[in-house]
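Remarks on the structure that follows.
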């Protein structure tokens, strides 16, 4: 077979190892599509793809595994189906799920040779990093924004992990989830400003030149549904000047679209589904709202007030657009007039504020005042498909070095639009001994959930087997035990939400020992009497002391919850020595900082796109 022969010739002795490799790709967006294509065509034997998102129209210009007929379908499933055609000899398994779900535990991560991260948010990135450190599996982290990209190979125990370097704190948010599963007020604001406003008054995404509108015989039903949706939007645009505009738009976006989302049952297995709104019920209540509500922009409006503002601003904008159409009708060959969002346009701002708050109510998200929404609304920076492609290619090249066990040859890689050098490199650093993730000791704790108590853990394992004197025990929910808090000792671990696929952190409070934090991965098993209800695996572990810094003071751990948030892979790191750093383009390493001339700037970054809010 020509493909096999060429791969064997180019990769040599590495190719058989690649064919036998089992790898995980987390994220099937801009970078993820390119990565999956590379992994498949390179011949990796088994690939698992995890992504919770569904395909949106705005994805099609850069996520080339998707077509118009795939809109609203699972990214992971469609990407797998499309990429499988490139190389039928590769086994690809799709998971339309959240990578943080309990099914993706440490043992599952241990089954892979390499994990590739192509994610669009900090929380998921840090979770995958933590799981790879716990499973001792190499991770290749990647991210892009505009012309800039970065690739970071991570080998637990040999190189620093993703959390070794605290990230700067620009307010960054994912783009792919805005249309399907918003979880923050900013997601709803961007939806109202960049999607709904444009669909009604600006340039509709359905008219985008990069959309493939070719009919697929195998998806006639889906094509017909899309045509009906497009017709509904066009009908609404054509009736903006009528008195029924509010009802048409409201029922389309807050009832029909929401009911369609609720029909995707897999999406709501681990989260609360959205609640559709009834226009007739809310309209009656909103009629009592005084027009003076528009002056009260410092407090969040209630649902009736939002409905009133939504209706009034929609009518005003519709009338304005109709007036522009009438004026343009007398001008030969004049393009159809459109409205563009301007945060200083009161009608536009009223519409976006009310629409975003109503969407927040639908998804159970905190609403914001119009003043706050004005500060957060902004402009979209388009993604660069070639940056995604180059970044994905660099990920695979770094994977080759890891498979050859040549971690010392891997580099931190930076892409930029510098004319001097588009590619910058930096030598990977050793793990930071003060890191909250990789600067810890780790073990597994097997428990019998029917019998195990916190006292069994504290006295039977931590004190008697590991020699702890003073310690605190924490979970994701907070502290469950410390020298001054022993009320929970008699409680079963399951009462404290300690169970399968959870983690427990043990912090040494003894000033004489001050050992590094111990992270216990919890597994459940049947441990009948008289065997202990908790078993440490391995039975004995060496827990090193915390590092002593140059001034002689013990360096405490960084609290995981306090690590500065950032969406793009990190900034240029500054430590004791930068002698081995190639300073090709420092701007490629210093991304995401607000413009010093505009303190209100907010950078919203995806794995393959950025949204900057002025």
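Residue numbers (the working numbering): 530 to 1143.
All C-beta atoms, glycine included, are put in the ideal place defined by N, C-alpha and C.
Between residue 726 and residue 880, the C-beta gap is smaller than 8 Å, which places the two residues in contact. Spatial neighbours of residue 573 in its own chain (CB-CB distance under 7 Å, excluding positions within 5 residues in sequence) are listed in chain order as 547, 550, 552 and 619. If you check the CB distance, residue 931 and residue 684 come in under 8 Å. The alpha carbon of residue 873 has as its nearest neighbour, out of 626, 795, 883 and 906, the alpha carbon of 906. The C-alpha of residue 939 lies about 23 Å from the C-alpha of residue 651. In terms of CA proximity to residue 866, 731 leads the group 1076, 711 and 731. If you ignore the 5 residues before and after residue 641, its C-beta comes within less than 7 Å of the C-beta of 551, 552, 553 and 666, all in its own chain and listed in chain order. DSSP places residue 714 in the uninterrupted alpha helix (DSSP H) bounded by 714–719. Excluding the 5 residues flanking it on each side, residue 722 has same chain C-beta neighbours closer than 6 Å at 870, 881 and 906, in chain order. The straight-line gap separating the alpha-carbon atoms of residue 1012 and residue 918 is approximately 53 Å. Non-local C-beta neighbours of residue 1027 in its own chain, meaning closer than 7 Å and more than five positions away in sequence, comprise 1004, 1033 and 1051, ordered along the chain.
Secondary structure in the stretch 1018–1061: the beta strand (DSSP E) runs of 3 residues or longer, each lying completely within the stretch, are 1032–1037 and 1047–1053 in chain order. In the three-state reduction of the DSSP assignment, residue 670 falls in the strand class, which pools E and B.
Here residue 1073 is near residue 1045, since their CB atoms are less than 8 Å apart.
Looking at 925, 688 and 627, the one whose alpha-carbon comes closest to that of residue 800 is 627. Residue state for residue 691 is assigned as coil, using DSSP reduced to three classes.
Our two residues, residue 985 and residue 971, have alpha carbons roughly 19 Å apart in a direct line.
Contact between the stretch 887–901 and the stretch 814–831 is present, with at least three C-beta pairs closer than 8 Å. Counting only the Cα atoms, residue 1009 lies some 10 Å from residue 1020.
Here residue 870 carries a coil assignment [DSSP, helix/strand/coil]. Boundaries of the beta strand (DSSP E) harbouring residue 683: 677–683, taken from the DSSP string. Contact annotation: residue 975 and residue 1066 have beta-carbon atoms nearer than 8 Å.
For the 8 Å CB-CB criterion, residue 582 and residue 600 do not form a contact.
Counting only runs of 3+ residues, the beta strand (DSSP E) found wholly inside the stretch 535–610 occupies 551–555 and 575–579, in chain order. For residue 646, the three-state secondary structure derived from DSSP is strand. The count of Cβ pairs closer than 8 Å, one atom from the stretch 687–694 and one from the stretch 657–664, reaches three, so the stretches are in contact.
Spatial neighbours of residue 1053 in its own chain (CB-CB distance under 8 Å, excluding positions within 5 residues in sequence) are listed in chain order as 975, 976, 977, 978, 1028 and 1029. Under DSSP, residue 985 shares a beta bridge with no residue. Under the three-state reduction of DSSP output, residue 800 falls in the coil class, being neither helix nor strand.
The count of Cβ pairs closer than 8 Å, one atom from the stretch 601–613 and one from the stretch 552–568, reaches three, so the stretches are in contact. Shown here, residue 895 sits in coil according to DSSP, grouped into three states, outside any helix or strand. Going by C-alpha positions, residue 943 is about 16 Å away from residue 914. Within a 10 Å sphere around the beta-carbon of residue 804 sit fewer than 16 other beta-carbons, which makes this residue exposed. Annotation: residue 868 to residue 850 spans about 7 Å, alpha carbon to alpha carbon. Per the coordinates, the alpha-carbon of residue 951 lies some 21 Å from the alpha-carbon of residue 647. Rounded to the nearest whole angstrom, the C-alpha separation of residue 863 and residue 857 is 6 Å.
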